[in-house]
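Heads up, the sequence shown is in numbering that gives the first Met the number 0, so the first residue is 0 and it goes up one at a time. No residue lacks a Cβ here, since even glycine has one placed at the ideal position from N, Cα and C.
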Amino acid sequence: MTVGKLQQQASQYMCSLKGSLLTLAILTLISFTYLSINSLQSSSSSSPSLSPLASGSVVKQLQRGTDIETETDTDTDAETKENGKSFDNEMPDLYHQPQIFKLNYEAMERNFKVYIYPDGDPNTFYQTPRKLTGKYASEGYFFQNIRESRFRTEDPNQAHLFFIPISCHKMRGKGTSYENMTIIFQNYVESLIAKYPYWNRTLGADHFFVTCHDVGVRATEGVPFLVKNAIRVVCSPSYDVGFIPHKDVALPQVLQPFALPAGGNDVVNRTTLGFWAGHRNSKIRVILARVWENDTELDISNNRISRATGHLVYQKRFYTTKFCICPGGSQVNSARIADSIHYGCVPVILSNYYDLPFNDILDWRKFSVILKEQDVYRLKQVLKNISDDEFVALHKNLVEVQKHFQWNSPPIKYDAFHMIMYDLWLRHHVIKY
Ligand SMILES: *[C@@H]1O[C@H](CO)[C@@H](O)[C@H](O)[C@H]1NC(C)=O
Ligand SMILES: *[C@@H]1O[C@H](CO)[C@@H](O)[C@H](O)[C@H]1NC(C)=O
Ligand SMILES: *[C@@H]1O[C@H](CO)[C@@H](O)[C@H](O)[C@H]1NC(C)=O
Ligand SMILES: *[C@@H]1O[C@H](CO)[C@@H](O)[C@H](O)[C@H]1NC(C)=O
Ligand SMILES: *[C@@H]1O[C@H](CO)[C@@H](O)[C@H](O)[C@H]1NC(C)=O
């Protein structure tokens with residue numbers, strides 16, 4: 000089913016202003032439905048057939064009120080058809096639905112509003128990030144970026160979503176125990192529930208929090224509705240633990256600042272087939288090292304590269320390798336994925352049940368290799384079977400997505416912050432007070 004067809008159908012039903020409103024509603028819905036279907040059938044790339052569901056929901060959305068109208072400029076339709084097309088041509092492969100993404104992203108930039116609860120002493124755990132470096136920098140960047148962005152509103156009545164600005168990373172930095180973290184989180188949320196009317200309207204369904212460390216996720220479990228209803232933006236999104244793919248959002252784990260500049264246009268220098276070095280803190284890493292440590296084509300260390308080896312030796316390997324192996328550690332995620340993307344080394348995802356960041360928007364198979372843990376034994380065979388042309392295409396696409404996996408301050412269009420905001424925007428469509 001193409002967007003074009005839908006647009007035609009839509010304009011047959013309504014030929015005026017309403018037509019463009021309906022079109023946008025349909026596009027928005029398809030994008031959300033696509034997301035859900037995609038989560039359910041992760042490997043299928045065929046177009047989902049979703050007409051009954053979509054049309055039913057469109058009617059429901061339109062009946063629900065004027066929300067869609069306020070989100071639409073009347074000239075959007077004509078304007079975006081053009082832009083959508085060139086966007087489509089530019090990057091035909093990377094997005095599941097380039098036109099829908101483009102349209103809906105722009106609607107998000109124009110309209111999305113988030114209310115940040117102002118409560119809490121910024122010197123303790125609230126409001127401000129701990130730091131913008133290290134393995135959990137993504138949490139700090141989000142806290143900082145949302146304040147710098149135009150998405151923030153001081154008027155809760157204008158807000159689509161409510162941000163609960165409490166930082167578990169900051170608590171950890173101050174040495175707070177896990178038990179105390181849970182209590183602090185619970186007390187804070189309960190104070191917001193008592194003071195403001197917003198939580199009680201949906202029991203938290205239009206609220207979200209952001210935490211990168213998995214300890215932060217567990218610390219929120221003292222408030223059951225945070226788990227059941229609120230949107231959790233987390234770095235460790237695994238299908239087989241508490242993460243709920245249709246509601247929660249995968250936060251990319253990005254270790255910034257990067258030690259060296261981005262890679263790209265450098266396939267001639269990529270002479271090593273595969274690379275991994277790191278802590279063996281998970282079963283898959285132990286197996287990876289055991290199976291491949293002495294291989295002459297795969298550069299797999301059975302430990303971290305010591306600093307004594309030389310300046311930035313670890314990072315420089317990413318420039319000379321075709322495929323960087325990214326096995327999960329204590330969680331499915333690893334900062335190595337964003338490192339690989341940054342340095343232009345095609346990531347090989349070796350985690351089961353990982354809801355990859357922006358999976359609903361980006362087609363990861365166009366810029367990475369996604370394997371199951373059990374594939375570790377045939378890793379070399381799989382990588383050697385990827386032709387030079389296929390590798391060049393993967394690498395080229397990888398360079399295109401670098402911008403989506405990078406934080407900036409202030410944030411810029413299409414960066415990691417905006418992609419997270421877009422995922423939140425998609426979720427706000429199904430939560431209406
Ligand atoms: C936990 O909270 C209790 C009570 O406030 C305090 O006495 C204790 O020192 C805290 N422990 C840690 C590790 O933060
Ligand atoms: C929200 O509901 C809870 C539980 O019923 C109640 O204790 C609290 O006062 C309510 N909040 C507001 C602002 O009314
Ligand atoms: C390839 O590596 C050499 C030596 O490190 C470097 O001088 C050159 O700039 C690299 N080429 C590209 C395209 O990055
Ligand atoms: C790799 O080489 C080391 C040293 O020769 C040896 O101890 C180890 O068993 C080898 N590993 C494998 C998987 O062959
Ligand atoms: C090698 O690649 C081809 C197509 O690219 C695929 O059909 C085949 O199954 C692959 N073989 C292995 C062993 O992965």
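Neighbourhood of Asp374 by C-beta distance below 7 Å, restricted to the same chain and skipping five residues each side: Val381.
Residues near Gly55 in its chain [Cβ-Cβ closer than 6 Å; skip 5 each side]: Unreliable placement is indicated for Gly55, whose pLDDT of 34 sits below 50; no coordinate value is reported for it.
Val267 beta carbon near ligand 3 (any heavy atom closer than 8 Å): Under cutoff, so the answer is yes.
Ligand 4 heavy atom lying under 8 Å from the CB of Arg377: No, ligand 4 has no heavy atom inside 8 Å of this Cβ.
Local conformation of Trp406 per DSSP, three classes: Assignment of Trp406 by DSSP, reduced to helix, strand and coil, places it in the coil class.
Closer than 8 Å: Tyr313 CB and nearest ligand 3 heavy atom: Checking every heavy atom of ligand 3 against the Cβ of Tyr313, none is found closer than 8 Å.
Euclidean distance between Cα positions of Asn122 and Asp362: Between the C-alpha atoms of Asn122 and Asp362 there is a straight-line separation of about 41 Å.
Distance between Ile360 and Glu78 (C-alpha atoms, nearest Å): For Glu78, the pLDDT reaches just 39, beneath the cut-off of 50, and the residue's location in the model is therefore unreliable, leaving the point undetermined.
Continuous beta strand (DSSP E) assignments of at least 3 residues falling wholly in the segment 311 to 397: With a minimum length of 3 residues, the unbroken runs of beta strand (DSSP E) contained wholly in the segment 311 to 397 fall at 320 to 326, 345 to 349 and 368 to 370.
Spatially closest choice to Arg289 from Tyr376, Lys173 and Lys169, by CA coordinates: Answer by Cα proximity: Tyr376.
Distance between Phe207 and Phe224 (C-alpha atoms, nearest Å): Phe224 and Phe207 have their C-alpha atoms roughly 11 Å apart.
Identified DSSP bridge partners for Gln98: The secondary-structure analysis by DSSP pairs Gln98 with nothing; it has no beta-bridge partner.
Run of the alpha helix (DSSP H) containing Arg171, from where it starts to where it stops: Here the alpha helix (DSSP H) through Arg171 covers Cys167 to Gly172.
Residues that Ser237 bridges to, as DSSP identifies them: Tyr353.
Terminal residues of the beta strand (DSSP E) in which Thr437 lies: It is not possible to answer for residue 437, since the shown part of the chain is limited to 0 through 432.
Closer than 8 Å: Lys487 CB and nearest ligand 2 heavy atom: Outside the displayed range of the chain (0 to 432) lies residue 487, so it cannot be described from this structure.
Separation of Phe242 from Asn228, as counted between CA atoms: Between Asn228 and Phe242, the C-alpha separation is close to 12 Å.
Exposure of Glu138, with buried meaning 16 or more beta-carbon neighbours within 10 Å: Glu138 counts as buried, since at least 16 other C-beta atoms from the protein chains shown sit within 10 angstroms of its C-beta.
Unbroken alpha helix (DSSP H) run spanning Val290, endpoints: Where Val290 is concerned, the enclosing alpha helix (DSSP H) starts and stops at Lys282 to Trp291.
Tyr116 beta carbon less than 9 Å from that of Phe161: Between Phe161 and Tyr116, the C-beta spacing is below 9 Å.
Near ligand 1: Ser300 beta-carbon under 8 Å from a heavy atom: Every heavy atom of ligand 1 is 8 Å or more from the Cβ of Ser300, so no.
DSSP-derived helix/strand/coil call for Phe124: The three-state secondary structure of Phe124, taken from DSSP, is coil.
Contact check, Gly263 vs Gly203, beta carbons under 9 Å: Not a contact, by the Cβ cut-off of 9 Å.
Through-space distance from His341 to Ala261, alpha-carbon basis: A straight-line Cα-Cα distance of about 5 Å links Ala261 and His341.
CA-to-CA distance, Leu102 to Gln157, given in whole angstroms: CA-CA distance, Gln157 to Leu102, rounds to 22 Å.
Counterpart residues of Thr271 in DSSP-defined beta bridges: Under the DSSP definition of a beta bridge, Thr271 partners with Thr320.
Any residue whose CB is nearer than 5 Å to a heavy atom belonging to ligand 1, listed in chain order: Chain-ordered list of matching residues: Thr175, Ser176 and Asn179.
Check whether Thr320 and Phe274 have beta carbons under 9 Å apart: In this structure, Phe274 lies closer than 9 Å to Thr320 by Cβ.
N- and C-terminal bounds of the beta strand (DSSP E) containing Tyr114: From DSSP, the beta strand (DSSP E) with Tyr114 extends over Val113 to Ile115.
Rounded distance between the beta-carbons of Pro164 and Asn197, thought under 8 Å: Strictly speaking, residue 197 in this sequence is Tyr, with Asn absent from that position. That belief does not hold up - the Cβ atoms of Tyr197 and Pro164 are roughly 14 Å apart, past 8 Å.
Nearest-angstrom Cα separation, counted from Val188 out to Met170: Going by the C-alpha atoms only, they are around 15 Å apart.
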